[in-house]
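> Take -16 as the starting number for the sequence shown in our numbering and just add one per residue. Glycine included, every Cβ here is placed at the ideal spot set by N, Cα and C.
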Amino acid sequence: MMRRNRSSVAPEPPPGLDLVRPVAAPLRSTLRELKTRIQAKLVAELDADLDLSDTEKVRQSIEETYNAILEEENVILNRTERARLLEWIIAEILGYGPIQPLLEDDTVTEIMINGPKNIYIERRGKISKTSLYFDSDEHLLQIIDRIVAPIGRRIDESSPMVDARLPDGSRVNAIIPPLSLVGPCLTIRKFAREPYTADDLIRFGTLTPDLVEFLKACVEAKLNIVISGGSGSGKTTLLNVISAFIPHDERIITIEDAAELQLKQEHVVRLEARPPNIEGKGEITIRQLVINALRMRPDRIIVGEVRGGEALD
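#1: Determine which residues share a DSSP beta bridge with Val155 and list them.
#2: Please list the terminal residues of the continuous alpha helix (DSSP H) segment that includes Val297.
#3: Does the distance from the C-beta atom of Thr268 to that of Glu243 stay below 8 Å?
#4: Considering only the beta carbon of each residue, do Ile235 and Leu272 sit closer than 8 Å?
#5: Which class does Arg234 belong to by DSSP, given the choice of helix, strand or coil?
#6: Taking buried to mean at least 16 other C-beta atoms within 10 Å of its own C-beta, is Glu75 buried or exposed?
#7: Does the beta-carbon of Asn275 have 16 or more other beta-carbons within 10 angstroms, so that it is buried, or is it exposed?
#8: Would you kindly report the start and end of the unbroken beta strand (DSSP E) that includes Arg253?
#9: Could you pull the DSSP bridge partners for Gly166 from this structure?
#10: Between which two residues does the beta strand (DSSP E) harbouring Arg67 extend?
#11: Can you check DSSP and say which residues form a bridge with Arg283?
#12: Just checking my contact of His231 with Gln248 at CB under 8 Å: how many whole Å lie between their CB atoms?
#13: Apart from the five residues on each side of it in sequence, which residues of its chain come closer than 8 Å, Cβ to Cβ, to Val289?
#14: Between Pro99 and Leu123, which are expected to be in contact by the criterion C-beta below 8 Å, what is the C-beta distance as a whole number of angstroms?
#15: Report yes if the CB atom of Ala200 is closer than 8 Å to the CB atom of Leu190, and no otherwise.
#16: Just mark Arg176 as buried or exposed, buried being the case when its beta carbon has 16 or more other beta carbons within 10 Å.
#17: For Gly212 and Gly291, what's the separation of their Cα atoms in angstroms?
#18: Quick check on Lys112: does DSSP put it in helix, strand or coil?
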């Protein structure tokens, strides 16, 4: 963990922007120093052969080592501080650091990180600034690497932006210097654990029952459908909803930059574009996948997002 060079006091929000308290508030400075020291010692003492994919076993091992270190150093903490410090360290080792509580909060729909010190969230359609922060650019880059590496993506000066996804399907975009002038930026679009249904959109007032019936008829008639709208307007949500109207005996091919569609049908083939490797080779574009999908005997082709020539195909 890198040292912080600035005060841990969160800046005042600009006019009209609420400062929200996150699920887990930042640790006070003395606890942060203790966390840094204990975390370094804990990582050094953990079994190098420990299978990190077995999160329960790793968590148990971390907790046992953590308690032993506290006892060895004769650290006195109250129950709340002891629990918070442990969760903070576990988030750094197994999770996504300071933003882990936001990822676990179902009321948060989007996380926007503009450099290490500015973390915003969207909750119920309203954007607010949190008092969470990363210690440094390097700390934030560490978490970005942890997100993109498992799916074979990379981010560095030669490839300074990347689209990725979390294991739960949440969509991730990261961009770093020299393209970003405010330091590493990370945007995470979270999705409901259970996809919204047509009934949900009717209840929200997004669609009317008549419009749902019309869209269902369009899908059943195999009409071409284009969904367009601004960022965060619900395009993917609507696409998931109307895709549910596709009969279950049809073969569906989905094509996406970063897989996020949540179809319930059984006969679904999911394809995902691939960026170039470090030598600039091996890129597979959405357009190439559309052409290939035509050879896969599809009844339906669903393209998650079109931004280029694939729109003509």
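Working from what's here:
#1: Ala147, Ile171
#2: An answer regarding residue 297 cannot be provided, because it is not within the stretch -16 to 296 covered by the chain.
#3: no
#4: no
#5: coil
#6: buried
#7: exposed
#8: 251 to 255
#9: Leu164
#10: That residue, Arg67, is in no beta strand (DSSP E); its alpha helix (DSSP H) goes 62 to 77.
#11: Ile235
#12: 5 Å
#13: Ile269
#14: 5 Å
#15: no
#16: exposed
#17: 16 Å
#18: strand
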